[in-house]
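Presented below is the structure to which this report refers.
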Amino acid sequence: MPQEDAHEHEFVLEIPEFQHLTYEVEEGIALVTLRRPEALNALSQDLLQELAQVAEVIHQDPEARVAVFTGEGKAFAAGADLKEIAALKDPFAAREYALLGQQVFAEIAALPIPTIAAIQGYALGGGLELALACDLRVAAKGARLGLPEVGLGLIPGFGGTQRLPRLIGRGRALDLIFTGR
Numbered sequence: 003m004p005q006e007d008a009h010e011h012e013f014v015l016e017i018p019e020f021q022h023l024t025y026e027v028e029e030g031i032a033l034v035t036l037r038r039p040e041a042l043n044a045l046s047q048d049l050l051q052e053l054a055q056v057a058e059v060i061h062q063d064p065e066a067r068v069a070v071f072t073g074e075g076k077a078f079a080a081g082a083d084l085k086e087i088a089a090l091k092d093p094f095a096a097r098e099y100a101l102l103g104q105q106v107f108a109e110i111a112a113l114p115i116p117t118i119a120a121i122q123g124y125a126l127g128g129g130l131e132l133a134l135a136c137d138l139r140v141a142a143k144g145a146r147l148g149l150p151e152v153g154l155g156l157i158p159g160f161g162g163t164q165r166l167p168r169l170i171g172r173g174r175a176l177d178l179i180f181t182g183r
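Going by the numbering used here, the sequence shown wraps up at 183, each residue one higher than the last.
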């Protein structure tokens, strides 16, 4: 009877090479750091795609027991990339952008391990919506959180209108969403 090599069935996690975030695991803590500090970690389509990929990595990583999301520099995430949105020529492309954000944040919310948003600086618009997709939110002193989209004639597009009322109640959530505070 042939002997099986113990390493023959060893699980090997393939981690993609990320351009706009880093992923590392130490002592069971998966740390995801958004790395677009020059844009206050604005959520471009590329960064959203990488967040989808990292959610899949976290889901498969047997070492990860908790995931912490944070941002490099002065912001957690300053929201959707408004320059990228302004450059969209097709209204359907803007809809696809919003759907991508919704899908990615739903994947993060569905992760089988606890998720924590470690917020420093700004967590505005889509940045706050990313934090809302996490199980817990921890904000540094001086952090600024809000949904200012209404000031641009928009509504929160990445799921915040659904998650925020569940977290703080309908009345308080509508006040924040309608006023942009």
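Glycine residues also receive a C-beta, built at the ideal position from the N, C-alpha and C atoms.
Check whether residue i and residue j have beta carbons under 8 Å apart
i	j	result
L23	L49	yes
L138	G162	no
A66	E109	no
G144	A80	no
L15	V59	yes
I31	F78	no
E148	G182	It should be pointed out that residue 148 corresponds to Gly in this sequence rather than to Glu. Contact: yes.
H61	P114	yes
L178	L166	yes
E40	F20	no
Alpha-carbon spacing of residue i relative to residue j, whole angstroms
i	j	result
L33	V70	5 Å
G75	F94	33 Å
F107	F160	7 Å
I170	R146	17 Å
A141	T117	14 Å
R97	R38	23 Å
A44	A82	5 Å
V27	T35	12 Å
Q47	Q105	12 Å
F180	V152	7 Å
Coil, strand or helix - residue i by DSSP
i	result
F20	coil
E146	One detail in the question is off: residue 146 reads as Arg in this sequence, not Glu. Note: R146 maps to strand in three-state DSSP.
E26	strand
A32	strand
A96	helix
V14	coil
F1	No answer is possible for residue 1: the residues shown for the chain start at 3 and end at 183.
For residue j and residue i, believed in contact at Cβ under 8 Å, the rounded distance
i	j	result
A119	C136	4 Å
P150	L126	6 Å
Proximity test, residue i beta-carbon vs the ligand MG heavy atom, cut-off 7 Å
i	result
L147	Ligands displayed in this structure: none; no statement on the ligand MG is therefore possible.
With a floor of 3 residues, list each beta strand (DSSP E) that falls wholly inside the region 99-144, ordered by position along the chain. Whole beta strand (DSSP E) segments, 3+ residues: 117-121, 124-126 and 138-141.
What ranges does the beta strand (DSSP E) occupy inside the region 27-88, keeping only unbroken runs of at least 3 residues that lie completely in it? As far as the region 27-88 is concerned, its whole beta strand (DSSP E) runs of at least 3 residues are 31-36, 68-73 and 77-79.
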